[in-house]
Amino acid sequence: MSSAAPVLTIDGPGGAGKGTISRLVAERLGWHLLDSGALYRLTALAAVKHEVPLDDEARIAEVALGLDVVFVAEPETTRVLLEGEEATTTIRTEQVGDAASRVAALPAVRHALMQRQHDFRKPPGLVADGRDMGTVVFTEAPLKIFLTASASERAHRRQRQLQEAGVDASLSSLLEEIQARDARDMQRSVAPLKPADDAITLDTTRLTIPEVVDRLTELLTERGLAPDT
Ligand code: DC
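Mapping of the sequence shown onto UniProt numbering: residues 1 to 229, in sequence order.
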């Protein structure tokens, strides 16, 4: 029954707007949301907390398998509890993002998180946000999107986000970090970041968030996956 629920996969590099877009599309349709990056971030955070070295593949895979996490959907955000403790903002820091990108390169860790990701697929449908949702985790999804934007636009967006949070960061260092993260995500041997053969690529560099959300709901409607909204 649960495997019959439709899935919209949204993959792409960091900063392309996947998180915001996925949440808005899921809200509009009343579908479930999988933020798979959060699972890699939580694995990294739990590993650090339990002093497991980030290159100890077998032990990190155990951490991933036993992850004690609760997602609480709220109107503007999803609260995250790790082992009963608030982790919503901690998992979004650059340090945790960097550690997440390292543990995400370990095949045993990716394998350990597979079932947990499949469990999010429930009626009436799922929006799955990540890097390998369409290529590995939900290969038979009826609509796959590869969301991208130029590296410089992504650095500007990140800078604006940080400024809103009262943090100053130079554009050049943000651009360097984005390029390093992209390179690591695209060059890893297991589940590298790339569009699925049957994905539709959407470049959001010059699009507003509502324009992207409208385009995705149109595509879902055209394919008979969502009611006309
Ligand atoms: O989307 P994000 O920044 O929260 O992802 C954190 C890291 O996890 C990032 O380096 C890419 C990696 N990741 C992954 O390898 N596969 C996914 N499905 C999601 C994220």
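The beta-carbon is built from N, C-alpha and C at its ideal position, and this holds for glycine as well. As the structure is a prediction and not an experimental result, all values here were calculated from the model.
Of TRP31, THR89, LYS18, the smallest CA-CA separation from LEU45 is found for THR89. According to DSSP, residue pairing for ALA73 in a beta bridge involves THR78. For LYS49, the secondary structure class from DSSP, reduced to helix, strand or coil, is helix. Three or more pairs of CB atoms, one per stretch, sit closer than 8 angstroms, so the stretch 90 to 106 contacts the stretch 32 to 43. Contact annotation, ALA149 with THR205: C-beta distance approximately 5 angstroms; criterion of less than 8 angstroms satisfied.
An exposed status is given to THR77, since fewer than 16 other beta-carbon atoms sit within 10 Å of its beta-carbon. ARG158 has its Cβ no nearer than 7 angstroms to any heavy atom of the ligand DC.
MET114 is classed as exposed because its beta carbon has fewer than 16 other beta carbons within 10 Å across all chains shown. Closest in C-alpha terms to PRO13, from the list VAL213, THR221, LEU33, SER152, comes SER152. Taking a cut-off of 8 angstroms on C-beta distances, the stretch 158 to 166 does not touch the stretch 20 to 35, as fewer than three cross pairs fall below it. For the stretch 133 to 189, the full-length beta strand (DSSP E) segments reaching 3 residues or more read 143 to 148 along the chain. In this structure, ALA141 keeps its C-beta atom at 8 angstroms or more from the C-beta atom of GLY130.
In the three-state reduction of the DSSP assignment, ALA128 falls in the strand class.
It is roughly 12 angstroms from the alpha-carbon of LEU67 to the alpha-carbon of HIS50. About 5 angstroms separates the beta carbon of LYS144 from that of ALA196, a gap short enough to meet the 8 angstroms contact definition.
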